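If you read the protein sequences in the order shown, they are chains A, B, C and D. So for the first sequence, the working numbering puts the first residue at 1; every next one is plus one. So for the second sequence, the working numbering puts the first residue at 359; every next one is plus one. So for the third sequence, the working numbering puts the first residue at 717; every next one is plus one. So for the fourth sequence, the working numbering puts the first residue at 1075; every next one is plus one.
Number of protein chains: 4
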Amino acid sequence: MSNSYGKLFKISTFGESHGRAVGVVLDGCPAGLDLDLEFIQNELDRRKPGQSKITTQRKEEDKIEIVSGIFEGKSTGTPIAMLVWNADARSKDYSHIADRYRPSHADFTYQEKYGVRDYRGGGRSSARETLARVAAGAIAKLFLAKYGIKINAYVSQVGGLSLQKSYKELNLEETENNIVRCPDPVMAEEMISLIDSVRKDCDTIGGVVSCVVQGTPVGLGEPVFDKLHAELGKAMLGINAVKGFEYGSGFEGVKMLGSQHNDAFYVEGDRIRTKTNYSGGIQGGISNGEDIYFRVAFKPVATLMKDQESINQEGEAVTVSGKGRHDPCVVPRAVPIVEAMTALVLADSLLRNKVIKL
Amino acid sequence: MSNSYGKLFKISTFGESHGRAVGVVLDGCPAGLDLDLEFIQNELDRRKPGQSKITTQRKEEDKIEIVSGIFEGKSTGTPIAMLVWNADARSKDYSHIADRYRPSHADFTYQEKYGVRDYRGGGRSSARETLARVAAGAIAKLFLAKYGIKINAYVSQVGGLSLQKSYKELNLEETENNIVRCPDPVMAEEMISLIDSVRKDCDTIGGVVSCVVQGTPVGLGEPVFDKLHAELGKAMLGINAVKGFEYGSGFEGVKMLGSQHNDAFYVEGDRIRTKTNYSGGIQGGISNGEDIYFRVAFKPVATLMKDQESINQEGEAVTVSGKGRHDPCVVPRAVPIVEAMTALVLADSLLRNKVIKL
Amino acid sequence: MSNSYGKLFKISTFGESHGRAVGVVLDGCPAGLDLDLEFIQNELDRRKPGQSKITTQRKEEDKIEIVSGIFEGKSTGTPIAMLVWNADARSKDYSHIADRYRPSHADFTYQEKYGVRDYRGGGRSSARETLARVAAGAIAKLFLAKYGIKINAYVSQVGGLSLQKSYKELNLEETENNIVRCPDPVMAEEMISLIDSVRKDCDTIGGVVSCVVQGTPVGLGEPVFDKLHAELGKAMLGINAVKGFEYGSGFEGVKMLGSQHNDAFYVEGDRIRTKTNYSGGIQGGISNGEDIYFRVAFKPVATLMKDQESINQEGEAVTVSGKGRHDPCVVPRAVPIVEAMTALVLADSLLRNKVIKL
Amino acid sequence: MSNSYGKLFKISTFGESHGRAVGVVLDGCPAGLDLDLEFIQNELDRRKPGQSKITTQRKEEDKIEIVSGIFEGKSTGTPIAMLVWNADARSKDYSHIADRYRPSHADFTYQEKYGVRDYRGGGRSSARETLARVAAGAIAKLFLAKYGIKINAYVSQVGGLSLQKSYKELNLEETENNIVRCPDPVMAEEMISLIDSVRKDCDTIGGVVSCVVQGTPVGLGEPVFDKLHAELGKAMLGINAVKGFEYGSGFEGVKMLGSQHNDAFYVEGDRIRTKTNYSGGIQGGISNGEDIYFRVAFKPVATLMKDQESINQEGEAVTVSGKGRHDPCVVPRAVPIVEAMTALVLADSLLRNKVIKL
């Protein structure tokens, strides 16, 4: 009951890291949309492991397969099921953690909650599940593109290295030009060096992904509980390793006075706009047509290549050995995931907004 | 379709600031719970306007009435409807804003989304709606108390005044002993002075509410999309004026290394615990039995007592005059709202967790 | 979690027979609809007790009050809460059944399920709850009228007296002209006599309500599980005392051959129509533009004016005495309830159908 | 948004008749259940085409594959995805119906609703989708077996041949001993003859499936809208070709007096029981512990082997030719589908009933 997101543009994901497959069923995609398989695969490629020296070296092809809901290249309004088969299963790798709880992983909580768990590679709690979101998010992007809505995420912080520029001072087209996905080339180099040195230390480090949505019409988002930023926040906090979310002025805005923070309205052509945008494009939970922007904090990944002291299911002291491959910093690969979840939120909001007025 | 929260312990709120009443229907409260009306009313009193010199001086009694779902003082498992009649309606007060868009309010977005709106006091977008959440949250608290779960929120920042102590260094029993609801008496005085001076300037200022949940059993929260912290985040971001949410190590955790951030397990009696708690009591989206703690950022309230330049529905330049009464800083009154939403999230999680295992 | 119906045009009802009030919150009604209070009250009057000699003689005024979601006579897109206060409570009447289980009532099952119940007048299980559906259904009718959709229910059977004519042979305008709500005046007289004699015997008898929906556009209803007739069936079976539902050819259609039952298509002007309509206006779960018609079976009401042997909560033999007032046949008053639930199903389907195509 | 059933034990199906695969995701199955693959496959075999001379001769192996949610043979509480690949696609077979509307099929309504459709074998509207329900229903049966709940469906009517015996007079173990799945061997022979003669006439005929649920605890089913029989009714009406549903006394009960119809309580050992069971095991929408029984009417299948006059998408007169293979009577293969949907309803009710009381 908990593996679904969305009310009208709705996804249900399934699959474990080392089960047969990971996949998603998208129910509610309107009929008549061109399902561009190449684009969907490309989004998955942005997420996949082994894409650069600063991501995990695990090799997975992650080829997506559409098994339903498509006819002659178009969506038919019926559920779109998509699958990626798990190639690099190698379950033997994981026998060493079968009975032990890795620190800051979900091993302990899953075991307690369910009384049974697929311990191989984290099973269902593995970030591998996010490929299903990226696949569905790619379709959401195709849908949003019909309405002129565009989403750009990028890495704005790694450890203490924080990009001080606003998204308006950056060329977001640069994001994909470096392996850390930071649109500032100078900062990108610094970030890559930092991650590389953390990697060599067999350690991990956190980061922040920023995201901008442009071209949103006025009116998306539902009062009271389903405010647009509440949906975005939940979607982001549902991504593995996320610890915080802020939009518009965020935590910094706390320090401001209302007279500074209020966004004055003005008229530009036939549009009502605001001079500043501390609101982050959302007022009263509803998009106001300005850019929506927000920041997502990711903790350092829990999987280290160092040995760690822990306990096993019997409560005995054990060592969790650091072997295999690890992701020294999750944010470069998190960029497409943030975009995908954002796209899913907006696609759902767009459909919900269609049934509001007479 | 958007005025509900919860899957099993579910609330639906209704009512406008200046309509006849504001209320809530709670569906899913288990049968047999003592519905302590005095406690519920007391929670509402913590939220109500006019309670101190640093909150809005509007006078509202906000007497709660239970109209269904109760029999001989106990819940019966049927929907519990509760109402507060709007006494201080004074609709005439609002004619001056009937056609104009107040900056950083929801006037513009509601008008565009629905084509019609009750402009009196913000109508449905008014924070007055939150009294319905507090009433339902009070029942959630009564339910949680049966399971030993306790929730404490407090003000940890006003403007630039930020309490540097962790909740463990504070006596949370002190929270209700001052009007700003900061458990540190020295900081409380400073905060009160700051708010008072902002109020005299006819301005407003932001703040942060921190919240701690103690006594949570292991196992609450649902993977994948309904992670416990994702539900908490959504619930907080659904409160008016909230701009950010972080839990555990939050945005600061970004700067840490995995080897610092990982919470080592140990055994204490018959419990498995963690030595540190950067995880914020939640791992893999599921509570691990440690304290859950998080921070919620509130922007400065948009209603000022200053005149502001704006536009009206026709796009003409108008002045929004600052008259009436205003809330110079929303966080003192937000404390019970944060607690209420937290209680609702946990009550729902608790019920959902009952149907997980054979 | 079970007191709601609808996905987009959604109602949540609350209230017990002898609690303070019975009411409903309608969430999802589009903004801009004229909420004709006189029409809503009139629908309630068609359902209310004491309206004729063949219905229960209980006197209840059932005056409806709208407490939210309305501004200057129009819906605003926010939740519409409506209430009827319980006037004729007289709780003392019910002390004689406090601990005993009335045969074929919900006393036993509620007690077992919840461990506590409001026994007065059946509490939540009372058909009094249906007034909330009629109030919300009235708004649904106002909404459907904008799209030219019209709903007519009528009594087609009482006990063994069954109207053999199809709805096409009847003048449905006649339905409200007699107290049994059968559009055939001759049959109506017979039905009234039968009910009256059953009433004099302190007994009750069953009946059938037929319903026709005209003016439905092609396309309402969702495959696979939410077929239009599945939604209608569920809505009807959710009405107290209903034992069966059939649409189109129904149970009789079982005896037909496919070559007889298939509805041949033809073109009439710019519409594609069918020559026969055994499909009942629905094919593959989706409306095809022909009339939708169905039949709903109501058992004889369980409340008799005769004494009945039963048991109490302790399992001891007791007599449930027949006193007070009773409804000898529920179908005349069920007509507006059937219409209301039909309207709610169609309003929801209409909104859901808006988000299907690009 | 419409391809799911259930709130807590929830299925989402996907796939078209001639797409790559048909499948289902079951979310909410409690952890720790033995997933007996042989049993699941056996249930599918009861549904599959070509199993006898009186069902369609289409050959499909329908081998089920579990792709997630299983670990060492047990459910893990995570989503269970299951797939059947479509072997006998032969899309060429269907070019003759690409642009034409088969009478009483969903061709016309899907085309109008979505503007595009997979016409091959009915696409999503094909009864082939029901294999996904049978697979999930098999797991529901395994779950219910843990609680002693047993479901038996059988064919009780074919055309005018109606079994007059109640289920209590029948040996339900006999059901699987003949190809028509009627537990009365004599009637079974007559039914088989009838279907065979209809088949030879290239025609089809309707039927009724009866179903009995034994071992249900008191308390399943939710007032008000989600009454147990309302859920069962919706689930049955969601099966292709179903035109009616009745439970307990059903449409016949209409003719009874309340004094005849009321089920008198008595005590048997430590159980409260009823002497008669016109209620069909459900009172006030909640199971009372007696047997639940109901009847489901199926129309004659629309696919004939006769030529039929119809129209195409352009509204031109065309002939729909009868070729290929057809199912002369759907009810023998509908028996496992009725059981599966019943199991899904009860599994969901069982989980929902766990969160009702303190």
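Each residue gets a CB set at the ideal place from its N, CA and C atoms; glycine is no exception. Quick caveat: nothing in here was measured; it's all calculated off a predicted structure.
Within chain B, partners of residue i - CB distance below 9 Å
i, result
"D/Lys1220", "Leu716"
"A/Val198", "Leu615 and Gly616"
"A/His96", "Result: empty, since nearest Cβ-Cβ is about 16 Å, beyond 9 Å."
"D/Pro1406", "Those do not exist, as D/Pro1406 stays about 34 Å from chain B at its closest Cβ, beyond 9 Å."
"C/Thr792", "Glu374, Tyr468, Tyr472, Val474, Arg475, Asp476, Gly481 and Arg482"
"D/Pro1104", "Val713, Ile714, Lys715 and Leu716"
Collapsed DSSP secondary structure at residue i in the structure displayed
i, result
"D/Met1156", "strand"
"C/Leu879", "coil"
"D/Gln1115", "helix"
"B/Cys557", "Checking the displayed sequence, the identity of residue 557 of chain B turns out to be Arg instead of Cys. B/Arg557 falls in the helix class under three-state DSSP."
"C/Thr846", "helix"
"C/Phe787", "strand"
"D/Asp1181", "helix"
"A/Leu350", "helix"
"C/Glu781", "strand"
"A/Ala87", "coil"
Residue(s) in a DSSP beta bridge with residue i
i, result
"C/Tyr810", "DSSP, once it has assigned bridges, lists no residue as partnering C/Tyr810."
"C/Ser926", "C/Tyr870 and C/Arg1011"
"B/Val625", "B/Ile630"
"D/Asn1064", "Beyond the ends of chain D as shown, which are 1075 and 1432, falls residue 1064 of chain D; an answer cannot be given."
"D/Ile1266", "None, per the DSSP bridge assignment."
"D/Phe1088", "D/Gly1097"
"C/Gly960", "C/Ala1013 and D/Glu1320"
Interface residues of chain A facing residue i [CB-CB closer than 7 Å]
i, result
"D/Phe1454", "Residue 1454 of chain D is absent from the model: chain D starts at 1075 and stops at 1432."
"B/Gly377", "Neighbours of B/Gly377 on chain A: none; closest Cβ ~14 Å, over 7 Å."
"C/Leu1067", "Val355"
Amino acids of chain C, ordered along the chain, whose beta-carbon sits closer than 8 Å to that of residue i
i, result
"A/Val180", "Residues of chain C passing the Cβ test: none, with the nearest at roughly 37 Å."
Supposed close pair residue i, residue j - CB separation, criterion 8 Å
i, j, result
"C/Pro1093", "C/Gly1001", "The question about residue 1093 of chain C has no answer here: the residues shown for chain C are numbered 717 through 1074."
"C/Glu1103", "C/Val871", "Residue 1103 of chain C falls outside the range modelled here, since chain C spans only 717 to 1074, and no answer is possible."
"B/Pro690", "B/Val538", "5 Å"
"A/Arg145", "A/Ala347", "As written in the sequence, residue 145 of chain A is Ala, which differs from the Arg given in the question. The Cβ separation is near 11 Å, so there is no contact."
"C/Ile1027", "D/Ile1346", "7 Å"
"C/Leu1060", "C/Ile727", "6 Å"
"B/Val693", "B/Val576", "In fact, because the Cβ distance is near 27 Å, the residues do not count as touching under 8 Å."
Partners in chain C for residue i, counting only beta-carbon separations shorter than 7 Å
i, result
"D/Ser1199", "Pro939 and Gly1000"
"D/Thr1278", "Leu973 and Gly974"
Contacts of residue i in chain B (Cβ-Cβ under 7 Å)
i, result
"C/Tyr817", "Under the 7 Å cutoff, chain B gives no residues; its nearest Cβ is about 17 Å from C/Tyr817."
Chain A residues whose Cβ lies nearer than 8 Å to that of residue i
i, result
"C/Leu749", "Leu358"
"C/Leu724", "Val355"
Interface residues of chain D facing residue i [CB-CB closer than 9 Å]
i, result
"C/Tyr963", "Leu1311, Lys1317 and Gly1318"
9 Å Cβ cut-off: residues of chain A touching residue i
i, result
"B/Ala655", "Glu246, Ser249, Gly250, Phe251, Glu252, Gly253 and Val254"
Partners in chain D for residue i, counting only beta-carbon separations shorter than 7 Å
i, result
"A/Asn240", "Those within 7 Å of A/Asn240 in chain D number zero; the least Cβ separation is about 15 Å."
Practice task
Count the CB pairs spanning the region 673 to 691 of chain B and the region 602 to 616 of chain B that are closer than 8 Å, and state whether there are at least three.
Solution key: The region 673 to 691 of chain B vs the region 602 to 616 of chain B: no contact.
Exercise for the section: Count the CB pairs spanning the region 975 to 990 of chain C and the region 904 to 921 of chain C that are closer than 8 Å, and state whether there are at least three. Expected result: Taking one beta carbon from each stretch, the region 975 to 990 of chain C and the region 904 to 921 of chain C have fewer than 3 pairs nearer than 8 Å; the two do not touch.
Practice task
Report yes or no: do three or more beta-carbon pairs, one from the region 24 to 43 of chain A and one from the region 301 to 308 of chain A, lie closer than 8 Å?
Solution key: Flag = no, the region 24 to 43 of chain A and the region 301 to 308 of chain A do not touch.
Handout entry: At least three beta-carbon pairs within less than 8 Å, the region 765 to 782 of chain C to the region 875 to 884 of chain C
Key = When C-beta atoms of the region 765 to 782 of chain C are compared with those of the region 875 to 884 of chain C, fewer than three pairs fall below 8 Å, so the two segments do not count as touching.
Handout entry: Sufficient close CB pairs (3 or more, under 8 Å) joining the region 1087 to 1105 of chain D to the region 1143 to 1158 of chain D
Key = The count of Cβ pairs closer than 8 Å, one atom from the region 1087 to 1105 of chain D and one from the region 1143 to 1158 of chain D, reaches three, so the stretches are in contact.
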